[in-house]
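K.L.:
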Amino acid sequence: MSFAFYLIAGVTLAGGLAAVLLKNTVHCALALTVAFAGQALLFLELDAQFAGFAQILVYIGAVAILVVFAILLTKGSETPKGSVYSRHSLMGLVIAAGVFAVLGWAVLKSVPAVPRGTGETPAVTVLQIGNALMSRYVLPLEIVALLLTAALIGAVIIAMHEKEGAK
Amino acid sequence: MTPLAGFLLVAALLFSIGLAGALTRRNAILVLIGIELMLNAANLNLIAFWRYGPHPEALTGMMFAIFSIAVAAAEAAVGLGLVIHLHRHAHTTDLDAMNRMRG
């Protein structure tokens, strides 16, 4: 494990923690952006350049902006006065800790049994990814395109202002 | 610790952080942020298994992660649209205040 991995993992986890712990919603959105950027760096560390840049484009460029828009449209940018945690937060923490315990135990227990590759850097170019998307994975690609169109039209219709008395 | 185990542990930690956020926060937008973190952790697992698996040239894990990113974008758009609609309807995004099924 290299020093770069620990650094990037630390930044990602700190961003994620800040995103769920901070009080001000806008600060949470900014911390979420840090977590997304760290994740993109982890993808680059794993030699998945295409996924890393797609992560930057989609998550930092679109999802984080959408979150900020939603915060501003719902007037959630002020720091709330009362508690920001729900009534059942203790139960949620226990469940999350339990899930992490199970996942960590499973990872440490079973990783030695995973079939191992050569460990060399896979020589995957964007050309190969494009060819795969256009040949073997063309049906999922079309379905995802349809899903994105439907989801965006649906989101616009859901969030659209209803006129008074038009129901 | 092998590199694969390191990445998987980071992904497990990120997933748990997202789960804790989704289960404990009051604001609906922050619950969505927690869900996004969980989806991201799953993507990290896919890419890590692709990188250290026996056949990286088959591109399966990479393709799965790319499609998962696209589906997550659609999910974020619809989820935030729902939150905006909810705010217009109930004038709050506090989930503890949403305790009835009737509009």
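If you read the sequences in order, they're chains A and B.
Heads up, the first sequence is in numbering that gives the first Met the number 0, so the first residue is 0 and it goes up one at a time.
Heads up, the second sequence is in numbering that gives the first Met the number 0, so the first residue is 0 and it goes up one at a time.
A virtual CB, placed ideally from N, CA and C, is assigned to each residue, including glycine.
Treat the numbers as computed from the prediction; the structure is a model and nothing was measured.
Over the uninterrupted alpha helix (DSSP H) stretch that includes B:Met62, give me the two end residues.
P.N.:
Counting from 1 along the second sequence, the entry for residue 62 of chain B is found at position 63. Per DSSP, B:Met62 belongs to the alpha helix (DSSP H) from Thr59 to Ala89.
K.L.:
For the alpha helix (DSSP H) that contains B:Thr23, what are its first and last residues?
P.N.:
Taking the first residue of the second sequence as position 1, residue 23 of chain B is located at position 24. Its alpha helix (DSSP H) spans residues Pro2 to Thr23.
K.L.:
Should A:Phe2 be flagged as near chain B, meaning a C-beta pair shorter than 8 Å?
P.N.:
For the purposes of this step, residue 2 of chain A is taken as residue 3 along the first sequence, with counting starting at 1. Residue contact with chain B for A:Phe2: absent (no Cβ-Cβ distance below 8 Å to any residue of chain B).
K.L.:
So, is B:Ser86 buried or exposed, given that buried needs 16 or more other C-beta atoms within 10 angstroms?
P.N.:
Here residue 86 of chain B corresponds to residue number 87 of the second sequence, with the count starting at 1. According to the sequence displayed, residue 86 of chain B carries His and not Ser. Flag for B:His86 reads buried.
K.L.:
Who are the neighbours of B:Asn98 on chain A, taking C-beta pairs under 7 Å?
P.N.:
To locate residue 98 of chain B, count along the second sequence from 1; it is residue 99. In chain order: nothing, as chain A lies at least about 10 Å away.
K.L.:
Since B:Val9 and A:Thr120 are thought to touch, with beta carbons under 8 Å apart, how far apart are those beta carbons, to the nearest angstrom?
P.N.:
Within the second sequence, the letter at position 10 stands for residue 9 of chain B. Within the first sequence, the letter at position 121 stands for residue 120 of chain A. The Cβ separation is near 20 Å, so there is no contact.
K.L.:
For B:Asn98, which three-state DSSP category applies?
P.N.:
Numbered from 1 along the second sequence, position 99 holds the residue referred to as residue 98 of chain B. Correct three-state label for B:Asn98: coil.
K.L.:
By DSSP, does B:Asn44 sit in helix, in strand, or in coil?
P.N.:
The sequence position of residue 44 of chain B within the second sequence is 45, counting from 1. B:Asn44: helix per DSSP, three-state reduction.
K.L.:
Find out if the Cβ-Cβ distance for the pair A:Ala95, B:Leu79 is shorter than 8 Å.
P.N.:
Here residue 95 of chain A refers to the residue found at position 96 when the first sequence is read from its first residue. Here residue 79 of chain B refers to the residue found at position 80 when the second sequence is read from its first residue. B:Leu79 sits away from A:Ala95, with the two beta carbons spaced by 8 Å or more.
K.L.:
Kindly list, in the order they appear in chain B, the residues whose Cβ is closer than 7 Å to that of A:Phe42.
P.N.:
If you number the first sequence from 1, residue 42 of chain A lands on position 43. Result: Ile46.
K.L.:
How about A:Gly41 and B:Ala73: do their beta carbons lie closer than 8 Å?
P.N.:
To locate residue 41 of chain A, count along the first sequence from 1; it is residue 42. To locate residue 73 of chain B, count along the second sequence from 1; it is residue 74. The question names Gly, but residue 41 of chain A in the sequence shown is Leu. Not closer than 8 Å, so no.
K.L.:
Alpha helix (DSSP H) containing A:Ser1: first to last residue?
P.N.:
The residue given as residue 1 of chain A occupies position 2 in the first sequence. Where A:Ser1 is concerned, there is no enclosing alpha helix (DSSP H), given that its DSSP letter is neither H nor E.
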